[in-house]
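Engineer: Structure in structure tokens, see below.
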Amino acid sequence: AQRVTQPEKLLSVFKGAPVELKCNYSYSGSPELFWYVQYSRQRLQLLLRHISRESIKGFTADLNKGETSFHLKKPFAQEEDSAMYYCALRGIETSYDKVIFGPGTSLSVIP
Amino acid sequence: EAGVAQSPRYKIIEKRQSVAFWCNPISGHATLYWYQQILGQGPKLLIQFQNNGVVDDSQLPKDRFSAERLKGVDSTLKIQPAKLEDSAVYLCASSLVMAGVMNTEAFFGQGTRLTVV
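Structure (structure tokens):
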């Protein structure tokens, strides 16, 4: 069964400090991992996906299959990074593709 | 491109009443999802359509929830009768995702906030 966990419900960091939002998953096949973000009063939107190996708004995430993790990192947090962050997983082996979400981490960047 | 449209944005109903939500996905997106997001939790998948067929409704409370996707485009989600615990934001999303195809994303609507009193 697919499962995504985010151990931290709330995370507060000071502006300029490094930030890491943790995500662990369980899935028997090859997953596709995403990070979605929801800023205040805005819709849920994709931040980045593991397959693209991209850096978006200074955030990066590396898929570690050995540890089944996909942690989101940024070296210097900014106030505008304050938002809800959701890790999501999609399995691609089945005849359809279900996207499931973790419970989310609320990031607060203190000025 | 135009985004996923949902209506209404807000709805307040009494328990045991009925309610319906509407979703218009992005044009050409074959896959449509309905998620329930209870305050403080992540989105929970209720039902997933591929074109106009249901591919996953394992977490849909079928005794009170129903959904359909007309002609593989718009979709409605209905609750009848509503319970207090149905209070949540109902999110609709769509994607081009197809089996075995990587590098896709789900695009979300703004959601409908339902309050059952």
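Chain order of the listed sequences is A and B.
Yeah, the first sequence ends on 760 if you go by this note's numbering, and it's all consecutive.
Yeah, the second sequence ends on 901 if you go by this note's numbering, and it's all consecutive.
Note that CB positions come from ideal geometry on N, CA and C, so glycine has one too.
Answer with buried or exposed for A:Asp730, where buried requires no fewer than 16 other C-beta atoms within 10 angstroms of its C-beta.
Structural biologist: It is buried - the Cβ of A:Asp730 has at least 16 other Cβ atoms within 10 Å.
Engineer: Please return the same chain residues whose Cβ sits closer than 6 angstroms to the Cβ of B:Trp806, not counting the five positions on each side in sequence.
Structural biologist: Ser791, Thr860, listed in sequence order.
Engineer: Does the beta carbon of A:Pro680 sit closer than 8 angstroms to a beta carbon anywhere in chain B?
Structural biologist: Chain B contact via Cβ: absent.
Engineer: Nearest-angstrom Cα distance between A:Gln651 and A:Ser679?
Structural biologist: Each residue's alpha carbon lies about 11 angstroms from the other.
Engineer: Strictly by DSSP, which residues pair up with B:Thr815?
Structural biologist: According to DSSP, B:Thr815 bridges with B:Gln834, B:Ser879.
Engineer: For B:Ala890, which residues in chain A fall below 7 angstroms Cβ to Cβ?
Structural biologist: The contacting residues are Val748.
Engineer: Inspect the CB distances between the segment 806–824 of chain B and the segment 843–862 of chain B and report whether three or more fall short of 8 angstroms.
Structural biologist: The segment 806–824 of chain B is in contact with the segment 843–862 of chain B.
Engineer: Would the C-beta of A:Leu660 count as close to the ligand SAH, meaning under 7 angstroms from any of its heavy atoms?
Structural biologist: The ligand content of the structure shown is nil, which means the ligand SAH is not present either.
Engineer: Could you tell me the alpha carbon to alpha carbon distance between A:Gly753 and B:Gln821, rounded to whole angstroms?
Structural biologist: So the two alpha carbons sit approximately 11 angstroms from each other.
Engineer: Which first and last residues belong to the beta strand (DSSP E) in which B:Thr860 is found?
Structural biologist: Start and end: 859–863.
Engineer: If we count Cβ pairs, one from each stretch, closer than 8 angstroms, do we get three or more for the segment 661–678 of chain A versus the segment 687–700 of chain A?
Structural biologist: Cβ pair count under 8 angstroms is below three, so no.
Engineer: For B:Thr888, which option in A:Ile759, A:Gly740, A:Lys664 has the closest C-alpha, if you only look at C-alpha atoms?
Structural biologist: Checking every option, the nearest Cα to that of B:Thr888 belongs to A:Gly740.
Engineer: Would you say A:Gln694 lies against chain B (beta-carbon separation less than 8 angstroms)?
Structural biologist: By this cut-off, A:Gln694 is an interface position.
Engineer: Are the C-beta of B:Gly856 and some C-beta of chain A separated by less than 8 angstroms?
Structural biologist: Closer than 8 angstroms: no.
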